[in-house]
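Take a look at the structure set out below.
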Amino acid sequence: MEKKSSAKAKPSFEKALEELEKIAERLEDGSLGLEESIAEFERGTRLARYCREKLDEAERRIEILQKGENGSVEKRAVRVKQDTGEIDDDEDMQGSLL
Amino acid sequence: MSERTYSVSEITRMLKRSIEGNPEYTGVWVKGELSNVTYHSSGHIYFTLKDEQAVLSSAFFKYANKNLSFRLEEGMSVLALGSLTVYEKRGSYQFIVSQMRLEGIGELLKRIEQLKKRLIAEGAFDPSRKKVKPFLPRRIGVVTSPTGAAIRDIIKVAMRRFPNIEIVLAPAKVQGADAAASIVRALAELNRPAHGIDLIICGRGGGSFEDLMPFNEEPVVRAVLSSRVPVISAVGHQIDHPLTDDAADYAAPTPSAAAEIAVPVKSELIEEIDYLSIRAANALVSRLTGLGERLDSIAALRCFRNPREIVAMRELSLVDLEQRMTMALKEGISAGRERLLSLPDLYRLWKTETRSRRSRLELAWGAVDKLSPKGVLRRGYSLVTDARGRVIKTVKTIKPGESIGVMVADGSMGCTVNTVQREVRGGKEIIGKG
Numbered sequence: 001m002e003k004k005s006s007a008k009a010k011p012s013f014e015k016a017l018e019e020l021e022k023i024a025e026r027l028e029d030g031s032l033g034l035e036e037s038i039a040e041f042e043r044g045t046r047l048a049r050y051c052r053e054k055l056d057e058a059e060r061r062i063e064i065l066q067k068g069e070n071g072s073v074e075k076r077a078v079r080v081k082q083d084t085g086e087i088d089d090d091e092d093m094q095g096s097l098l
Numbered sequence: 099m100s101e102r103t104y105s106v107s108e109i110t111r112m113l114k115r116s117i118e119g120n121p122e123y124t125g126v127w128v129k130g131e132l133s134n135v136t137y138h139s140s141g142h143i144y145f146t147l148k149d150e151q152a153v154l155s156s157a158f159f160k161y162a163n164k165n166l167s168f169r170l171e172e173g174m175s176v177l178a179l180g181s182l183t184v185y186e187k188r189g190s191y192q193f194i195v196s197q198m199r200l201e202g203i204g205e206l207l208k209r210i211e212q213l214k215k216r217l218i219a220e221g222a223f224d225p226s227r228k229k230v231k232p233f234l235p236r237r238i239g240v241v242t243s244p245t246g247a248a249i250r251d252i253i254k255v256a257m258r259r260f261p262n263i264e265i266v267l268a269p270a271k272v273q274g275a276d277a278a279a280s281i282v283r284a285l286a287e288l289n290r291p292a293h294g295i296d297l298i299i300c301g302r303g304g305g306s307f308e309d310l311m312p313f314n315e316e317p318v319v320r321a322v323l324s325s326r327v328p329v330i331s332a333v334g335h336q337i338d339h340p341l342t343d344d345a346a347d348y349a350a351p352t353p354s355a356a357a358e359i360a361v362p363v364k365s366e367l368i369e370e371i372d373y374l375s376i377r378a379a380n381a382l383v384s385r386l387t388g389l390g391e392r393l394d395s396i397a398a399l400r401c402f403r404n405p406r407e408i409v410a411m412r413e414l415s416l417v418d419l420e421q422r423m424t425m426a427l428k429e430g431i432s433a434g435r436e437r438l439l440s441l442p443d444l445y446r447l448w449k450t451e452t453r454s455r456r457s458r459l460e461l462a463w464g465a466v467d468k469l470s471p472k473g474v475l476r477r478g479y480s481l482v483t484d485a486r487g488r489v490i491k492t493v494k495t496i497k498p499g500e501s502i503g504v505m506v507a508d509g510s511m512g513c514t515v516n517t518v519q520r521e522v523r524g525g526k527e528i529i530g531k532g
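Here the protein sequences come in this chain order: X and Z.
Numbering of the first sequence is given in the numbering used here, commencing with residue 1 and proceeding in unit increments.
Numbering of the second sequence is given in the numbering used here, commencing with residue 99 and proceeding in unit increments.
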């Protein structure tokens, strides 16, 4: 049971990409039987979709940590200028030093 | 009272002789702070050395200062070796410097060197301790000043490489006496699992030796060492790298370089995925072409070489159907192959022409889907597998009574073999009957 659940755990992007490459190589060398080829191809299609999803998973967001009222730390999203990377923010950032 | 009178020159010369002849004023080290530093066009440097109570005007002549490794600046704490002289024309005394050392930095360098030795002895810098950064970081934490150039450069480079990047800045003071504590707090905060950060960039842009000093201080170095999340040290430097470079899992010479180490280029990864998908599809299509040719040869064998087989199969129309299907499959495959064979060119085209890339890929995938075995099954063929799920390509290994699986477009059947017949030249050979 335990083995099964660990095998089902989502692979990292890197692992999935490596696996996709291995599948392409195996299909190319032609040593697989037909139904294995189909199964591998389908697995490759799933892995490619998974990799694309992983790349789009993050949402572009720049946040600054700052000290809150009672010593807690809060996250605050800020705008940035894309060409310069400059943080476009009115608040006094020097005052927010940790 | 002495009746002897002296001229100004005489008395000054006497003073000069008594000062310059006194070994106590010759070749002595004087500790003080630099002020009124003037680099003269002649190459001589003039300044005063001072402490709380006194000032000493000094000159560092060209022949003596030519090997000086640093530029003299106001407020620097130095040790100067020299001799006192009297300048008769002005009636002043002057300290003529022959050598100079930075007093504070010498101490600091010694301390850094000792700390480094201690940490090496502890095994703190062992390569085996280094953590591996994620290939595709989910959220990057940055420890640096919120107003410096470093954060700008990191954001700019990271966004260019990966537009939907997530960055969390832990603003820290990066120079001055309280910088070390600030950096330690920021590192600790980013290490809290709640932030979901899987890679940290810690650093600042370039600066003077003193500016970079916090990144040589033990608490900061230890905080980098004990970080749960992998750390890239990103302190701008030319010659001497700070100790955080040794302690971190990765070291970059500038914040921009750190962002390049941290973030992969998204468009390149998409190209890689597309390229591998196309290779897999291409390989499968070649495989299916082989299958189509085999079906073709079977059909030819049955209708031209062995007319009796047609009778035996009782349904002439079935052969027609089979032929038609073979033709369709062949046509479909060759059309698809043409498209797929040109994919390497398309792939190159896509690199420059990103707008239509996605739709072209979908087109190719449509062709592949049509040609995939499932598509073939939908056209009426079936796949037969043995008890272990392998496709049966020959009757040689099949015996009557054996269980086989038959896969058609919408499902599969478990079947039992009744008879086995093998095609031989001029007829068929019955191998067995159940």
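Every residue, glycine too, gets a C-beta built ideally from N, C-alpha and C.
In this structure, G130(Z) lies near V176(Z), with their beta-carbon atoms less than 8 Å apart. For K364(Z), the secondary structure class from DSSP, reduced to helix, strand or coil, is helix. Contact of D88(X) with chain Z is not assigned, every C-beta pair being separated by 8 Å or more. In this structure, K497(Z) keeps its C-beta atom at 8 Å or more from the C-beta atom of V482(Z). Counting the other Cβ atoms within 10 Å of the Cβ of R216(Z) gives fewer than 16, which makes it exposed. Beta bridge pairing from DSSP links S12(X) with no other residue.
In the assembly as shown, D347(Z) is a buried residue. Its beta-carbon has 16 or more other beta-carbons within 10 Å. Non-local C-beta neighbours of L166(Z) in its own chain, meaning closer than 8 Å and more than five positions away in sequence, comprise F158 and M198, ordered along the chain. In the structure shown, I62(X) falls within a strand segment according to DSSP collapsed to helix, strand and coil. The C-alpha of A58(X) is placed about 53 Å away from the C-alpha of T514(Z). With respect to the 8 Å criterion, K254(Z) and G85(X) are classified as neighbours on the basis of their beta carbons. Its chain contains P317, V318 and A321 as the residues whose beta carbon lies nearer than 7 Å to that of V282(Z), once the 5 sequence neighbours on both sides are disregarded; these appear in chain order. Straight-line measurement puts the Cα of K364(Z) at about 8 Å from the Cα of P261(Z).
Contact between the stretch 15-26 of chain X and the stretch 42-51 of chain X is present: three or more C-beta pairs spanning the two stretches fall below 8 Å. For E21(X), the neighbours in chain Z by C-beta distance under 7 Å run, in chain order, L374.
A Cβ-Cβ separation of about 6 Å places R76(X) in contact with E63(X) under the 8 Å criterion.
Interface flag for R46(X) against chain Z is unset, since no Cβ pair is found closer than 8 Å.
Neighbours of K271(Z) in chain X, taken as residues whose beta carbon is under 7 Å from its own, are L97 in chain order. Close CB contacts of P244(Z) within its chain, under the 8 Å cut and outside five residues either way in sequence, are with L267 and P269 (chain order). Collapsing the DSSP output to three states places D338(Z) in coil. Classified as buried, A178(Z) has 16 or more neighbouring CB atoms from the shown chains inside 10 Å of its CB. Within the stretch 307-339 of chain Z, contact with chain X at the beta-carbon level (separation under 9 Å) is assigned to no residue.
The Cβ of K10(X) sits no closer than 8 Å to any Cβ of chain Z. Contact between the stretch 373-381 of chain Z and the stretch 341-360 of chain Z is absent: fewer than 3 CB-CB pairs across the two stretches fall below 8 Å. Within the model, the alpha-carbon separation for E172(Z) versus E308(Z) is close to 14 Å. Burial is judged here by how many other beta carbons sit within 10 angstroms of a residue's own beta carbon; H335(Z) has at least 16 and is buried.
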